[in-house]
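Participant: Have a look at this one before I ask anything.
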Amino acid sequence: MIDLRSDTVTQPTDAMRHAMANAPVGDDVYGEDPTINELEETAAKVFGREAAIFVPTGSMGNQIALKLHTQPGQEVLCEARSHVMDWEMGMAAMFSGCALRTVAGDRGVLRWEHIAPMLSTGGLYYKPATGLVWLENTHNMAGGTVTSPTDMAEVITNAHAARIPVHLDGARIFNAATALGTDVATLTKGFDTVNFCLSKGLCAPVGSMLVGTRDAVRKARSIRKALGGGMRQAGILAAAGLIALTDMPARLQQDHDNASLLGQLLGKSPNIKPDIPQTNILFFTVQTDAPTFVARMKEHGILSSAIGIHSIRLVTHRDVSADQCEHAANVISNLSA
Ligand SMILES: Cc1ncc(COP(=O)(O)O)c(C=O)c1O
């Protein structure tokens with residue numbers, strides 16, 4: 004099988020498995036796991052922040068941030084197809100008592116011009132106030148699209164002027180940094196908190212990080228515990244996370260190149276319309292119904308995801324080579340003929 008469903012399917016590398024087997028560990032709820040402490044210090048340094056906290060999933064990191072910045076009854080302003088809206092089980096309401104107010108961006112890119120008209124800054128006592136502005140970079144369900152540093156800075160400056168914090172769901176922020184040729188500290192400057200995943204293209208088996216001020220991370224520890232995320236000798240996982248954070252970002256360009264290759268090859272088929280991928284996610288449309296097409300791809304050894312009536316998502320990652328992408332493109336082209 005050539006598995007192009009997601010970069011979450013990546014296997015831990017041999018170096019990760021070795022580091023996991025040999026990691027010094029302790030009880031992290033007591034703050035005594037040396038490997039987790041090292042991972043958190045390293046993440047804070049890489050992102051140019053005061054502190055960071057290790058969490059089991061990106062969803063938990065996002066929900067901790069949401070709780071951290073909001074009060075029950077407030078709204079969180081986010082993009083219409085953002086992960087927090089589509090895939091986090093309504094937890095904004097369940098855990099933080101907040102509603103999500105969605106705004107359709109431009110291929111997932113939310114600019115201040117989209118946000119400004121939707122903002123509620125408390126002037127009307129009978130209208131829920133905006134408690135948090137939420138960006139996602141890269142944007143998963145818009146096809147791995149990248150929001151530019153200029154667009155993000157404009158949102159941050161204006162939201163802060165209105166005294167509203169801004170969180171970044173940067174599950175794939177290293178992909179965005181790779182596409183923009185910049186580093187994550189520069190790219191995420193000004194956000195109140197940033198969540199990023201070690202377990203996607205960076206290949207760690209488990210784990211995400213939330214970075215921010217020392218005070219925010221101190222509060223985040225209590226919220227993580229409330230969610231059942233206080234782990235014990237989880238340095239075994241952090242050992243893989245350290246390799247993901249330090250060694251793996253350098254290889255993401257290969258995934259972007261493979262997504263481009265897939266897009267170029269599929270673009271030659273008259274019945275397929277691929278987007279131009281910006282990172283490691285490629286959307287394409289077929290003339291037939293997408294779930295049926297995905298099932299036929301599976302019969303021919305290619306795994307993918309149907310994401311709309313005619314839309315299919317392919318995600319490149321370390322465990323699919325350029326040759327496998329070429330093969331997958333041939334199979335898909337033949338099936339569409
Ligand atoms: C943009 C984005 N945010 C958050 C997450 C959540 O990560 P996890 O699956 O670790 O909860 C994902 C997962 O696919 C994602 O794509």
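With this note's numbering as the guide, the letters of the sequence shown map in order to residues 4 to 340. Cβ coordinates follow ideal geometry from the N, Cα and C atoms, glycine included.
Given the structure, does residue 172 come close to ligand 2, in the sense that its CB is under 7 Å from one of the ligand's heavy atoms?
Facilitator: Of the ligands this structure carries, namely ligand 1, none is ligand 2.
Participant: Just how far apart, CA to CA, sit residue 281 and residue 206?
Facilitator: Each residue's alpha carbon lies about 20 Å from the other.
Participant: Please classify residue 90 as buried or exposed, where buried requires at least 16 neighbouring CB atoms within 10 angstroms.
Facilitator: With fewer than 16 other Cβ atoms within 10 Å, it is exposed.
Participant: Cutting at 6 Å between CB atoms, please list the residues of its own chain near residue 238, excluding the five before and the five after it.
Facilitator: Closer than 6 Å at Cβ, skipping near neighbours: 26, 28, 36, 38 and 39.
Participant: How should residue 71 be labelled, buried or exposed, when 16 other C-beta atoms within 10 angstroms of its C-beta is the threshold for buried?
Facilitator: Buried, because 16 or more other Cβ atoms sit within 10 Å of the Cβ of residue 71.
Participant: Out of 258, 120 and 200, which has the shortest C-alpha to C-alpha gap to residue 248?
Facilitator: The candidate whose alpha carbon is nearest that of residue 248 is 200.
Participant: Could you give the DSSP three-state label for residue 240: helix, strand or coil?
Facilitator: Reduced to three states, the DSSP call for residue 240 is helix.
Participant: So what does DSSP say about residue 137, is it helix, strand or coil?
Facilitator: In the structure shown, residue 137 sits in a strand (DSSP, three-state: E or B).
Participant: Give, in chain order, every unbroken run of the beta strand (DSSP E) that is at least 3 residues long and sits entirely within the region 33-121.
Facilitator: 54-58, 78-82 and 102-106, all fully within the region 33-121.
Participant: Does the Cβ-Cβ distance between residue 175 and residue 204 come in under 8 Å?
Facilitator: Their beta carbons are under 8 Å apart, which means residue 175 touches residue 204 by this criterion.
Participant: Give every residue of the same chain whose Cβ lies closer than 8 Å to the Cβ of residue 170, excluding the five residues on either side of it in the sequence, and list them in chain order.
Facilitator: Counting only Cβ-Cβ distances below 8 Å, and skipping sequence neighbours, we find 65, 68, 69, 72, 135, 136, 137, 138, 194, 195, 196, 197 and 198.
Participant: Taking the C-alpha atoms as reference points, what is the distance between residue 308 and residue 301?
Facilitator: When rounded, the distance between both Cα atoms is 10 Å.
Participant: Report yes or no: do three or more beta-carbon pairs, one from the region 255-272 and one from the region 53-61, lie closer than 8 Å?
Facilitator: Cβ pair count under 8 Å is below three, so no.
Participant: For residue 43, is the classification buried or exposed, using 16 other Cβ atoms within 10 angstroms of its Cβ as the cut-off for buried?
Facilitator: With 16 or more other Cβ atoms within 10 Å, it is buried.
Participant: For residue 215, which beta-bridge partners are listed by DSSP?
Facilitator: Beta-bridge pairing links residue 215 to 54.
Participant: Could you give the distance in angstroms between the alpha-carbon of residue 14 and the alpha-carbon of residue 202?
Facilitator: For residue 14 and residue 202, the distance between alpha carbons rounds to 9 Å.
Participant: Taking buried to mean at least 16 other C-beta atoms within 10 Å of its own C-beta, is residue 153 buried or exposed?
Facilitator: Flag for residue 153 reads exposed.
Participant: Check whether the region 231-245 touches the region 75-90, taking contact to mean three or more Cβ pairs, one atom from each stretch, closer than 8 Å.
Facilitator: As far as the Cβ criterion goes, the region 231-245 does not touch the region 75-90, which means the pair count is below three.
Participant: Quick check: what's the CA-CA separation for residue 330 versus residue 336?
Facilitator: Each residue's alpha carbon lies about 10 Å from the other.
Participant: How long is the line joining the alpha carbons of residue 333 and residue 305, rounded to whole angstroms?
Facilitator: Going from the Cα of residue 333 to the Cα of residue 305 covers about 11 Å.
Participant: Work out the CA separation of residue 187 and residue 180 for me, nearest whole Å.
Facilitator: Whole-angstrom Cα-Cα distance: 6 Å.
Participant: Is residue 12 helix, strand or coil when you go by DSSP?
Facilitator: Residue 12 falls in the helix class under three-state DSSP.
Participant: Give me whichever residues DSSP pairs with residue 172 in a beta bridge.
Facilitator: Answer by DSSP bridge pairing, in chain order: 139 and 198.
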